[in-house]
Amino acid sequence: MRTSAAPGDKRHASPETFDRYLASEVPYDLPVKGSPRAFIFIAPSKSEIGLRVEVDFEAEAPDTGLRNIVARVAVHDGVPFFEVAVTTPALFSDAYPLLCSMADRIQISGLSPSDALWATLDKMSRLLLAPDALSREREVGLFGELLFLAGLFEVVGVEKALEAWRGGTEEHDFGLPTMDIEIKTTIGERRRHWVESLTQLEPTLGRPLWLVSHQLTPAGAGDGRFLSDLVDTIRAKIDSGASRYGFESTLAEAGWNDDHRSRLTTRWTQRSASQAYPVVDTFPRLTQSALLNSGVRLSLIPDVRYRIDLTDLATTPNLPEIIEAAIGFEG
Numbered sequence: 270m271r272t273s274a275a276p277g278d279k280r281h282a283s284p285e286t287f288d289r290y291l292a293s294e295v296p297y298d299l300p301v302k303g304s305p306r307a308f309i310f311i312a313p314s315k316s317e318i319g320l321r322v323e324v325d326f327e328a329e330a331p332d333t334g335l336r337n338i339v340a341r342v343a344v345h346d347g348v349p350f351f352e353v354a355v356t357t358p359a360l361f362s363d364a365y366p367l368l369c370s371m372a373d374r375i376q377i378s379g380l381s382p383s384d385a386l387w388a389t390l391d392k393m394s395r396l397l398l399a400p401d402a403l404s405r406e407r408e409v410g411l412f413g414e415l416l417f418l419a420g421l422f423e424v425v426g427v428e429k430a431l432e433a434w435r436g437g438t439e440e441h442d443f444g445l446p447t448m449d450i451e452i453k454t455t456i457g458e459r460r461r462h463w464v465e466s467l468t469q470l471e472p473t474l475g476r477p478l479w480l481v482s483h484q485l486t487p488a489g490a491g492d493g494r495f496l497s498d499l500v501d502t503i504r505a506k507i508d509s510g511a512s513r514y515g516f517e518s519t520l521a522e523a524g525w526n527d528d529h530r531s532r533l534t535t536r537w538t539q540r541s542a543s544q545a546y547p548v549v550d551t552f553p554r555l556t557q558s559a560l561l562n563s564g565v566r567l568s569l570i571p572d573v574r575y576r577i578d579l580t581d582l583a584t585t586p587n588l589p590e591i592i593e594a595a596i597g598f599e600g
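Every number in the numbering used here is 269 more than the matching position in the sequence shown, counting from 1.
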């Protein structure tokens, strides 16, 4: 039999009380006072805890894309509920305050259950970020990636552009259906860029690789934009939901934290028009395959970082339309 805890004066049971319910290994529904009707549930037989919020029958639950957190719509005693379930027992105690926070966003702030879920996950991801200052190199690199992302918005639309951006989680920065794109950004007078590995300029088998080169320079007073301005411009174009959460997650993986705002005091503008180059056999680069073919033992070279200078490299007149349009974006 499922037990309902009697609501007290506070909206939520204390973490200590929750832990006692959890240790009893008895199923509980802990009511959260407010509207719509909501409960924190404990289901030992399913190895789950979660938040259950009453909704209409038309309500839908998003795919969180996470292994340990599941969203669904379930019917109990003929009543539909939006449920967010945490499925890993080792996380139950830590997840309880997050579930309470989500309930507050729904009952107090008036968010829909789906929006409250994404807002809570977004907050959680930001709390996990280190508050260290963003290095100048990473600031400039991220500016270049977001500049290209904003340009892609205008060409392929927000959803497809966000799907393409990898944010440093894979070898190449963007993966479009027919090509990969690596973004390089410099603040030097010459178009010199650092390459971080032997594979960064190695095309994926069967997919063309392009390198987009941005040149930035500090802007005069009142001109240009901070990196935070570019972040805000992009955020304003993305609706809440899975796309927004995906963008925030990729942004965090790329090194961004909103706490960086006060430390980033340089406004940037483009020194020259952005350029794009096909990464083909004649492109200046070091690759694993080239070194292996020359007989080099790569195991004896554990790390490689080198610079290329594209200042005098001729560009192709036959740019793919997507790249040509995207690099024309100036904000």
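We put the CB at the ideal spot given by N, CA and C, even for glycine.
It should be emphasised that the depicted structure is a prediction, and the values quoted were computed from it without experimental measurement.
Residue i vs residue j beta-carbon contact at 8 Å
i, j, result
"His441", "Asp449", "yes"
"Val301", "Ile309", "yes"
"Pro366", "Ser316", "no"
"Val425", "Ile591", "yes"
"Phe412", "Leu520", "no"
Residue i at chain B interface by Cβ criterion, 8 Å
i, result
"Pro547", "Here chain B cannot be found, since the structure has a single protein chain."
Under the three-state DSSP convention, the category residue i falls into
i, result
"Phe598", "coil"
"Glu323", "strand"
"Ala282", "coil"
"Pro553", "coil"
"Ile577", "strand"
"Ala307", "strand"
"Glu317", "strand"
"Arg601", "In the structure as shown, the chain starts at 270 and stops at 600, and residue 601 therefore has no counterpart that could be examined."
"Val605", "The structure shown does not extend to residue 605, since the chain is modelled only from 270 through 600, so no value can be given for it."
"Ile570", "coil"
"Ile338", "strand"
Beta-bridge partners of residue i, as assigned by DSSP
i, result
"Asp449", "Gly444, Leu478"
"Leu299", "Ile309"
"Thr585", "For Thr585, which the question treats as bridged, DSSP gives no partner whatsoever."
"Thr455", "Gln484"
Pairwise C-alpha distance: residue j and residue i
i, j, result
"His529", "Thr455", "20 Å"
"Lys429", "Gly444", "10 Å"
"Ala542", "His483", "7 Å"
"Gly420", "Asp527", "22 Å"
"Leu416", "Ala388", "25 Å"
"Glu408", "Arg532", "11 Å"
"Met371", "Leu386", "6 Å"
My parser needs the alpha helix (DSSP H) runs of 4 or more residues fully inside the segment 470-548; what are they? With a minimum length of 4 residues, the continuous alpha helix (DSSP H) runs that stay inside the segment 470-548 are 496-504, 511-522.
List, from N- to C-terminal side, the beta strand (DSSP E) runs of 3 residues or more that fit wholly inside the segment 340-407. 348-355
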